[in-house]
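*Asks:* Sharing a structure below in C-alpha cells format, with a few things to ask.
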Amino acid sequence: MEAGCSRCGGNGYVTLARVDSAVAEICGCNAVCRHCNGEGYVHVEDQRGYVFAKKCRCQALVTRIERFNQAQLPSLYHDKLLEYFEPLGGNQREVRYHAFKFRKEFAVGGRGILYWGGPGVGKTHLMAAMVRYLTLELGIRSRFIDFFHLVTDLHRQWKSGKSGASLIEPVIEIPVLAIDELGKGRSSDWTLDLLDEIISKRYNRRLTTFFTTNLTVKTEGRSNVVPPMPAEKAALTESLDERVGPRIHSRILEMCEVINIYGPDYRMQTNSEGGR
Ligand SMILES: [Zn+2]
Ligand SMILES: [Zn+2]
Numbered sequence: 058m059e060a061g062c063s064r065c066g067g068n069g070y071v072t073l074a075r076v077d078s079a080v081a082e083i084c085g086c087n088a089v090c091r092h093c094n095g096e097g098y099v100h101v102e103d104q105r106g107y108v109f110a111k112k113c114r115c116q117a118l119v120t121r122i123e124r125f126n127q128a129q130l131p132s133l134y135h136d137k138l139l140e141y142f143e144p145l146g147g148n149q150r151e152v153r154y155h156a157f158k159f160r161k162e163f164a165v166g167g168r169g170i171l172y173w174g175g176p177g178v179g180k181t182h183l184m185a186a187m188v189r190y191l192t193l194e195l196g197i198r199s200r201f202i203d204f205f206h207l208v209t210d211l212h213r214q215w216k217s218g219k220s221g222a223s224l225i226e227p228v229i230e231i232p233v234l235a236i237d238e239l240g241k242g243r244s245s246d247w248t249l250d251l252l253d254e255i256i257s258k259r260y261n262r263r264l265t266t267f268f269t270t271n272l273t274v275k276t277e278g279r280s281n282v283v284p285p286m287p288a289e290k291a292a293l294t295e296s297l298d299e300r301v302g303p304r305i306h307s308r309i310l311e312m313c314e315v316i317n318i319y320g321p322d323y324r325m326q327t328n329s330e331g332g333r
C-alpha cells in the first residue's frame, strides 16, 4: 500500500461504478500485502514458543470490501462521501453537521435516519454516503434498496411461481438496511403488506433502517434535531402517513431520526451528478 498512490489516495482500495451496482476492489498498489505476501495469514509465536497461523490484518480490508459490494449501492453513488456533500443553501449545512455527528456516534441496532424533502436536495447522497462508510470503514453488513425496484422484482418472482423469500429474507435480516424512495409509485395492498412485513420485523428485531422519501413527513410533537423547512415554504405534497398508513408510519418514526432537507436542487446546479 502506497501512501502517495494517486489512484486510491493511500486507502488501499478504490470504488467503481459497474453496470448493476457500485463495487470496491483492492488497489493495484496494495495487490500483494507486504505483511503476509498475499497469503492472508502470518505466523506468530506465543510465549511458550508455539508457532501458529494468524489472520493477517489485510483480511479485514477484504471483508470490508465484500460488505461494500454486498450492499449493492447504485453505481452513480459509489464515490459519494459525506465529506463531498457541499451545502448550497437552505438547511443543508445543518443537515451535514447532523450526519457527521450521527456517523461518529453510530451504534449497530440504534436508530437510523429518515431523510425527507423535495427532489435533488441530497437525500440519496447522504444515505449512500452513510452506507459506504458503515461498510467500507466499519465493516458492517448493510444493504441499499430502491423500494420500487424491490417490489417489481418480487412481483416478477411471484408471477413465475417462486416464493420471493430469497429476495425478502436478506432485506429483513440485514443489520443495516437503507430504503431509497419510500412511498414512490402506486401503493397497492400487496405493496403495503410487503412494507409492513419488512418494517414490523425489523422494528421487533431492533435493526437499523434508513429511509429517503419525497413525501412530506408529519412529525407533530417530535423535537427536530435540524430545523425543518418553514411551514409557509413547505410544498403541499402528499404525506407519507397517507401513503403508507398510520401503523407503518409511526413505526418508521420510532425507528429513525427524522431529518427534513431543503435547499437548492443539486441536479440543477451541476447539470448531471450530485445528490438526489
Ligand atoms: Zn493505491
Ligand atoms: Zn496480509
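Quick note, the sequence shown lines up with residues 58 to 333 if you use our numbering.
Just so you know, even glycine gets a beta-carbon here, dropped at the ideal spot from N, CA and C.
1. Buried or exposed for R91, please, with buried defined as at least 16 other CB atoms from any protein chain shown within 10 angstroms of its CB.
2. Which full runs of the beta strand (DSSP E) of 3+ residues lie inside the segment 232 to 287, going along the chain?
3. Measure from the alpha carbon of I256 to the alpha carbon of each residue in N271, R213, L310, then state which is nearest.
4. Going straight from the alpha carbon of R153 to that of E123, what length do you get?
5. Among L191, L252, V188, F142, which has the Cα closest to the Cα of P321?
6. Report yes if the C-beta distance between C65 and L171 is below 8 Å; otherwise report no.
7. Are at least three pairs of beta-carbons, each pair with one atom in the segment 185 to 193 and one in the segment 217 to 225, less than 8 Å apart?
8. Mind checking whether T270 and L297 have CB atoms under 8 Å apart?
9. By a C-beta neighbour count over all protein chains shown, 10 Å radius and 16 as the cutoff for buried, is M286 buried or exposed?
10. Measure the C-alpha to C-alpha separation of F204 and I236 and round it to an integer number of angstroms.
11. Taking 8 Å as the threshold, find out whether the segment 130 to 146 comes into contact with the segment 67 to 79 through three or more Cβ pairs.
12. Just to be sure I understand the criterion: a residue counts if its Cβ is closer than 5 Å to at least one heavy atom of ligand 3. Which residues meet that?
13. In angstroms with no decimal places, state the Cα-to-Cα distance between N261 and D246.
14. Would you check whether ligand 2 has a heavy atom nearer than 7 Å to the C-beta of G97?
15. Cβ of R259 within 8 Å of Cβ of V233?
16. What are the boundary residues of the alpha helix (DSSP H) that includes Y190?
17. Of all the beta strand (DSSP E) runs that stay within the bounds of the segment 107 to 187, which reach a length of 3 or more residues?
18. Roughly how many whole angstroms lie between the Cα atoms of E151 and G169?
19. Express the C-alpha separation of R263 and Q183 in angstroms, rounding to a whole number.
20. Suppose contacts are defined by Cβ-Cβ distances below 8 Å. Is V301 in contact with G240 by that definition?
21. Flag this pair as yes or no: are the beta carbons of R75 and A128 separated by less than 8 Å?
22. From what residue to what residue does the beta strand (DSSP E) around V80 run?
23. List the endpoints of the continuous beta strand (DSSP E) containing S199.
24. What's the C-alpha gap between A60 and N68?
25. Please state whether DSSP places G66 in a helix, a strand or coil.
*Replies:* If we stick to the structure as given:
1. In the sequence shown, the residue the question calls residue 91 occupies position 34. Under this definition R91 is an exposed residue.
2. 233 to 237, 265 to 270
3. Sequence index remark: in the sequence shown, residue 256 carries index 199 (1-based). The candidate whose alpha carbon is nearest that of I256 is L310.
4. If you number the sequence shown from 1, residue 153 lands on position 96. If you number the sequence shown from 1, residue 123 lands on position 66. Spanning the two alpha carbons is a distance of roughly 27 Å.
5. Position 264 of the sequence shown holds residue 321. The candidate whose alpha carbon is nearest that of P321 is F142.
6. Here residue 65 is taken as the residue at index 8 of the sequence shown, counted from 1. Here residue 171 is taken as the residue at index 114 of the sequence shown, counted from 1. In this structure, L171 does not lie closer than 8 Å to C65 by Cβ.
7. no
8. Taking the first residue of the sequence shown as position 1, residue 270 is located at position 213. Taking the first residue of the sequence shown as position 1, residue 297 is located at position 240. Yes, the pair counts as a contact, with Cβ atoms nearer than the cut-off.
9. Indexing the sequence shown from 1 puts residue 286 at position 229. Label assigned to M286: buried.
10. Numbered from its first residue, the sequence shown carries residue 204 at position 147. Numbered from its first residue, the sequence shown carries residue 236 at position 179. Near 6 Å, if we compare the C-alpha coordinates of I236 and F204.
11. yes
12. Among the ligands in the structure shown, ligand 3 does not appear; only ligand 1 and ligand 2 can be found there.
13. Numbered from its first residue, the sequence shown carries residue 261 at position 204. Numbered from its first residue, the sequence shown carries residue 246 at position 189. Cα to Cα, the separation comes out at about 22 Å.
14. On the sequence shown, residue 97 is found 40 positions in, with the first residue counted as 1. Result yes, Cβ under 7 Å from ligand 2.
15. Counting from one through the sequence shown, the residue named residue 259 turns up at place 202. Counting from one through the sequence shown, the residue named residue 233 turns up at place 176. Cβ distance not < 8 Å, so R259 and V233 don't count as in contact.
16. The count along the sequence shown starts at 1 and reaches residue 190 at position 133. Here the alpha helix (DSSP H) through Y190 covers 180 to 193.
17. 108 to 112, 169 to 173
18. Taking the sequence shown and counting its residues from 1, one reaches residue 151 at position 94. Taking the sequence shown and counting its residues from 1, one reaches residue 169 at position 112. Each residue's Cα considered, the two are about 17 Å apart.
19. Along the sequence shown, one-based indexing puts residue 183 at 126. Along the sequence shown, one-based indexing puts residue 263 at 206. It is Leu, not Gln, that sits at residue 183 in the sequence shown. Taking the straight line joining both Cα atoms gives about 22 Å.
20. Counted from its first residue, the sequence shown places residue 301 at position 244. Counted from its first residue, the sequence shown places residue 240 at position 183. Taking 8 Å as the Cβ cut-off, V301 and G240 qualify as a contacting pair.
21. To locate residue 75, count along the sequence shown from 1; it is residue 18. To locate residue 128, count along the sequence shown from 1; it is residue 71. In this structure, A128 does not lie closer than 8 Å to R75 by Cβ.
22. Within the sequence shown, the letter at position 23 stands for residue 80. That run of the beta strand (DSSP E) goes 79 to 83.
23. By one-based count along the sequence shown, residue 199 stands at place 142. First-last of the beta strand (DSSP E) with S199: 199 to 203.
24. Within the sequence shown, residue 60 is the residue found at index 3, counting from 1. Within the sequence shown, residue 68 is the residue found at index 11, counting from 1. The straight-line gap from Cα to Cα measures roughly 8 Å.
25. As a first step, residue 66 is located in the sequence shown; it is residue number 9 there, counting from the start. G66 falls in the coil class under three-state DSSP.
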